[in-house]
Ligand code: NDP
């Protein structure tokens, strides 16, 4: 029987643990605050940001939101980040990506105070993650790591394949899997668009993390029997629904669930974990800033 990995349930546990941390911080007179910055007209980005604000409210994190016209000069975004870096009530800053083409994304990420970089994308935080001394783990791969842990998936000595090498998912995911640490110690192969014979790599994998951004790209026929399949993908495809589309992952769920030992659904798998881990990083940032001991979930 294939086990369906319930990201909603694990995320609810994380949120509950975060709410406890918020209470501990409140006892110490600290109210954690997350700033979201949106410089985009993209409806999906607007939705993501409003979901993050709702999540904050649910666990008692204060949220501050700044919207910048997508055509405004990059300097306006820089000034916003500089101001948020200075604010005592803001412990975490998230600039919703992608930013418009005329804005240098790397410059934006470098500008955020690394202590407030709850996405974990600042070069200093990337370096710390690679060195095995992470301050803030990027939310999506951290969420995957939590799912693997929650479902007792043995990573030590396992052959893992990460499909995708983006800075926000593939690379940090691989870095977490190879760490000499609990929920690490996997022998990890990172695949990308130039990989030759991806099927052969997948056929040997005990753990597959699919993050290619291609709908239903990984088919069950390529998987090893009993593999754990983590589907990071969120793709909108045309469908005869009220909205005119549906969300599908990077894995062909029907064929993969016939072969896999455990699998995440889309939606309801990695997505809720990404959101929960942002809250986790925000309370961690507040606790670090004010030197309060919290019991992170
Ligand atoms: P990117 O587009 O930045 O990266 C995609 C990666 O897939 C690239 O490294 C690319 O290779 C690789 N790739 C493309 N085609 C192939 C192929 N034929 N074979 C093997 N590898 C291939 O995407 P992201 O990492 O940002 O996101 C990946 C997916 O995850 C998307 O569906 C996104 O929506 C979703 N996502 C979901 C989140 C969640 O919370 N669940 C959070 C973030 C993203 P190359 O480098 O060579 O181009």
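Residue numbers (our numbering): 265 to 561.
Cβ coordinates follow ideal geometry from the N, Cα and C atoms, glycine included.
In whole angstroms, what separates the C-alpha of residue i from that of residue j?
i	j	result
residue 375	residue 345	7 Å
residue 445	residue 533	24 Å
residue 306	residue 279	27 Å
residue 502	residue 455	27 Å
residue 301	residue 319	16 Å
residue 487	residue 463	8 Å
residue 550	residue 317	17 Å
residue 512	residue 409	21 Å
residue 529	residue 420	24 Å
residue 274	residue 466	26 Å
residue 416	residue 407	14 Å
residue 547	residue 555	12 Å
residue 482	residue 552	40 Å
residue 332	residue 310	12 Å
residue 562	residue 428	Since the first and last residues shown for the chain are 265 and 561, residue 562 lies out of range.
residue 269	residue 499	19 Å
residue 457	residue 293	50 Å
residue 277	residue 422	26 Å
residue 452	residue 438	7 Å
residue 368	residue 379	21 Å
residue 391	residue 518	38 Å
residue 308	residue 361	11 Å
residue 348	residue 330	10 Å
residue 389	residue 523	37 Å
residue 325	residue 430	29 Å
residue 281	residue 366	40 Å
residue 497	residue 312	15 Å
residue 557	residue 285	9 Å
Assuming residue i and residue j make a contact with CB atoms under 8 Å, what is their CB distance in whole Å?
i	j	result
residue 516	residue 484	6 Å
residue 402	residue 303	About 20 Å; that fails the 8 Å criterion.
residue 434	residue 426	5 Å
residue 356	residue 299	7 Å
residue 288	residue 521	No, residue 288 and residue 521 are not in contact; Cβ-Cβ is about 40 Å, not under 8 Å.
residue 447	residue 412	6 Å
residue 314	residue 321	The pair is not a contact, with the Cβ atoms about 11 Å apart (cut-off 8 Å).
residue 323	residue 543	6 Å
residue 527	residue 473	Wrong, their Cβ atoms sit about 12 Å apart, outside the cutoff.
residue 450	residue 471	7 Å
residue 535	residue 271	7 Å
residue 354	residue 297	5 Å
What's the call for residue i, buried or exposed, on a 16-neighbour Cβ count within 10 Å?
i	result
residue 343	exposed
residue 436	buried
residue 505	exposed
residue 537	buried
residue 560	exposed
residue 405	buried
residue 386	buried
residue 507	exposed
residue 469	buried
residue 383	buried
residue 539	buried
residue 509	exposed
residue 295	exposed
residue 350	exposed
residue 290	exposed
residue 460	exposed
residue 495	buried
residue 418	exposed
residue 352	exposed
Could you tell me which residues DSSP pairs with residue i in its beta bridges?
i	result
residue 499	512
residue 448	According to DSSP, which records beta bridges pairwise, residue 448 is partnered with nothing at all.
residue 455	427
residue 355	DSSP, once it has assigned bridges, lists no residue as partnering residue 355.
residue 297	326
residue 505	Note: residue 505 sits in no beta bridge, so no partner.
residue 302	331
residue 473	426, 494
residue 267	526
residue 482	515
For residue i and chain C, any beta-carbon pair shorter than 8 Å?
i	result
residue 361	Reference to chain C is not applicable here, since this structure consists of a single protein chain.
Under 7 Å: does the beta carbon of residue i sit that close to some heavy atom of the ligand MN?
i	result
residue 374	Ligands displayed in this structure: the ligand NDP; the ligand MN is not among them.
Legend entry - the segment 386-397 / the segment 331-338 touching (three or more Cβ pairs under 8 Å): no
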